[in-house]
Amino acid sequence: MKGGFIIFLIRRIINAIVTIFLLIVLLFILLHIIAPNPLTLAKIYSGNPHPTYAQLLVVEKEYGLNKPLYVQIITYIWNLLHGNLGEDPIYKVPVINLLSKYIPRTLEITIPATILSVIMGLISGAIAASNRGKGLDYFLRGVYLVTWASPTFLIATVFQLAVAYYLKLLPPYGIVNPALTPPPNTTGFPLLNALLAGDWPYFISVLRHMILPVVSLAVANFGIVTRISRASMLVNMNADYAKLSLMKGLSRRKVVYGVVLRNASIPIVTLIALLFGSSMAGSVAVEDIFQYHGMGWFITNSLLNLDYVGIISTTIIVAISVITANLIADIMYGILDPRVRVIG
Amino acid sequence: MASVKDYKTILKMLVKEPAGLTGLIIVSAFLIWSLIQGSLELISIYTKNPKYSYMLLPHNPFAINPALALHPPTLAYLMGTNGEGEDILSRILYAIPRDAFVAIVVVFSSIVIGAVIGILSGYIGGWLDEIFMRITDAFLSLPALILVIAISVPLKANYFGVILGLSIVWWPTYARLFRGQVLEVKNADYVLSASIYNISKIRLFYKYIFLNVIDPILAYATLDLGNVILTYSTLAFIGIGVTPPIPELGAMASNGLSGLPEAWWWPLFPGLTILLIVMGFSLLGDRIQEILMGEVMY
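From first to last, the protein sequence lines stand for chains A and B. According to UniProt numbering, numbering within the first sequence proceeds without interruption in unit steps and concludes at 344. According to UniProt numbering, numbering within the second sequence proceeds without interruption in unit steps and concludes at 298.
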């Protein structure tokens, strides 16, 4: 069986790599089909509204826009493999510098949000399932319906309004209190930086600024987890092993929240990557509302500037992180439920 | 599995239950209003008389009135006014048909593209299946929102650009669904016996495969109309697909942030409208799925 697992692992890794490359190729083809004429780009990238023909050629050459599409794709992938994503035409610095500043900040809110939504969803799903048909079940189903149907920006706005503006419990926007001096940037993650430097005031400030974005993203996602975990709980509660544990004399509470919940949470594992992806997407709106300068904010900003290079690089990095999350979820699923490896 | 023709039975079962009935009422109200308001807007464009486009609205959605700016909700202005004194309720009602149009066009084109790719992939199999499904996977691996943003940059992202962008990225789920359904029916006796007779491939696909697999996909599509509206409103929120001064729900919510913390009605009412519409589609889609297949997909 051990060999089976390694084959399963290798197959999944190859699959993930193929998907990433295919996505890059597709993005380039799509962008090429609908691309604006190089003149527009030249105007923006050279910062000159009336570029001369010579300037146009310079911009075309600099960004490789004059080469055939397949050359552009191969060059891009070759550079990507060497960690080089090109120079950002608006900020005139390597894109990788911008991304290494913005992406960690976004991961710092999307990863906790994913974990939080899974925990909240599993618990509320279990409570709903064990109270099936009672008032609490209907209430929780109502809550997940509402959060699921809410646009993320509505949830974030309500939290900002209620918690930050009316109750004044947390700061309404920003990443950290700007009056504090940042600790040395060792990891890229503001929270970790503060922790490594032992800078507690900074650490607490970052933490306080993180709470609302994290909770907004988690609430936006928790509905789908509740729904799946409730369904999965109901199936498992009727399974023979659950009946057997009851007959053996375990209390209903122990059976539901101990034995059944553990088995019922397996399907949620496949959902984690999806949740992470939707947190990444949701953070575009959330970062806008909380003025949290991460990847989402960078995307919105690049969009306004027509910063082609910035957007495509961010998209590819998001793709790589979502696909990696998918891969991890697959592997975890394989460990938790060995039957998957055979089907793989 | 029920057939589409049994719509009367499905309707009866829907109405019997509070959740299904609520969904049906919200969705019908949304679609009927979109049709009425949308036609009035077309008439006003055709006759070049803007009066028609807001004859059913409580106020003129474009009437800028600084004296009335940030007026809180009252009987005259049920949802208050925005920073320029425009009536928010009128602007929401004016914006709704645009959302309906996006949702219907995107879901319809996704069903068409998904049907072609999914049926071919499932029916023919082999290397074609492999190529189609790899492409589908690549699209599915990224959240639709991010992908639309990426391809919206060069589109300069106007209203029709967003519809095009969403249609380009929205079909993969449908391709997957069609493929799965086709794999189930392709070896059924009636498909095999139909393929022995000398009927055209297109007729075979349409009559013996498409019509037999479409039910669960339509149930999913009902739910999905809400998802398109959610994604579209988020795109509008960050400024894609919006042409000022034409009102758009997501864009109104985004502009409304500048009125916080006092003018809470400005960002909240457009957001709540989206919530209500999406909830309607979700309730309706769930119940249709339950009636057709006896269970909810998730």
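Virtual Cβ for every residue (Gly too), placed ideally from N, Cα, C.
Note on residue 262 (chain B): under 16 other CB atoms within 10 angstroms of its CB, so exposed under the neighbour-count rule. For chain A, the residues of the stretch 222-235 of chain B that bring a beta carbon within less than 7 Å of one of its beta carbons are 226, 230, 233 and 234, in chain order. Taking C-beta separations shorter than 8 Å and ignoring five residues to either side along the sequence, the partners of residue 69 (chain A) in its chain run 28, 29 and 32, following chain order. Proximity to residue 246 (chain B) across B:16, B:26, B:19 and B:64 peaks at B:64, based on C-alpha coordinates. When Cβ-Cβ separations below 7 Å define contact, residue 127 (chain B) makes no contact with chain A. Across the set A:205, A:187 and A:198, the C-alpha of A:205 shows the shortest separation from the C-alpha of residue 174 (chain A).
Boundaries of the alpha helix (DSSP H) harbouring residue 209 (chain A): 200-237, taken from the DSSP string.
Nearest in C-alpha terms to residue 94 (chain A), of all of A:85, A:101 and A:102, is A:85.
Residue contact with chain B for residue 23 (chain A): present (Cβ-Cβ distance below 7 Å to some residue of chain B). Each residue's CA atom was taken as its position, placing residue 177 (chain A) and residue 207 (chain A) some 11 Å apart. Contact annotation: residue 246 (chain A) and residue 260 (chain A) have beta-carbon atoms that are not nearer than 7 Å. Scanning chain A for C-beta atoms nearer than 7 Å to the C-beta of residue 134 (chain B) yields 18 and 22, reported in chain order. Rounded to whole angstroms, the gap between the alpha carbons of residue 102 (chain A) and residue 317 (chain A) is 11 Å. DSSP places residue 288 (chain A) within a helical segment (H, G or I) once states are collapsed to three. Per DSSP, the unbroken alpha helix (DSSP H) holding residue 312 (chain A) starts and ends at 308-336. Look at residue 81 (chain B) here: in three-state DSSP terms it is strand. When the Cα atoms are used, residue 295 (chain A) and residue 275 (chain A) turn out to be separated by approximately 17 Å. The beta-carbon distance between residue 234 (chain B) and residue 151 (chain A), rounded to whole angstroms, is 6 Å. This is short enough to meet the 8 Å contact definition. The count of Cβ pairs closer than 8 Å, one atom from the stretch 44-56 of chain B and one from the stretch 224-239 of chain B, stays below three, leaving the stretches out of contact.
Residue 198 (chain A) sits exposed, since fewer than 16 C-beta atoms from the chains shown fall within 10 Å of its C-beta. At a cut-off of 4 residues, the continuous stretches assigned as alpha helix (DSSP H) that sit fully inside the stretch 206-269 of chain B are 211-237 and 249-256. Below the 7 Å Cβ cutoff, chain B contributes 275 as neighbours of residue 150 (chain A), in chain order.
Per DSSP, reduced to three states, the secondary structure at residue 183 (chain A) is coil, with no helix or strand assignment. The beta-carbon of residue 278 (chain A) is placed less than 7 Å from the nearest beta-carbon of chain B. Using beta-carbon distances, residue 256 (chain A) does not count as an interface residue toward chain B, since no partner is under 7 Å.
Residues 120 and 121 of the same chain have their beta carbon placed closer than 8 Å to that of residue 128 (chain B), with the five preceding and five following residues left out of the count. Per the coordinates, the alpha-carbon of residue 145 (chain B) lies some 22 Å from the alpha-carbon of residue 144 (chain A). Remark: fewer than three beta-carbon pairs, one from each stretch, lie closer than 8 Å, so the stretch 200-215 of chain B and the stretch 155-175 of chain B are not flagged as touching. Of the candidates B:101, B:252 and B:289, B:252 places its Cα closest to the Cα of residue 82 (chain B). Around the CB of residue 243 (chain B), fewer than 16 other CB atoms lie within 10 Å, so the residue is classed as exposed. Pairing residue 26 (chain B) with residue 250 (chain B) gives a Cβ-Cβ distance that is not under 7 Å.
At the C-beta level, residue 267 (chain A) and residue 232 (chain A) come within 7 Å of one another. Within the stretch 25-58 of chain B, no residue has a Cβ lying closer than 8 Å to any Cβ of chain A. Minimum Cα-Cα distance from residue 93 (chain B) among the listed residues B:291, B:287 and B:270 corresponds to B:270. Going by C-alpha positions, residue 81 (chain A) is about 27 Å away from residue 305 (chain A). In the three-state scheme derived from DSSP, where H, G and I count as helix and E and B as strand, residue 137 (chain B) is classed as helix.
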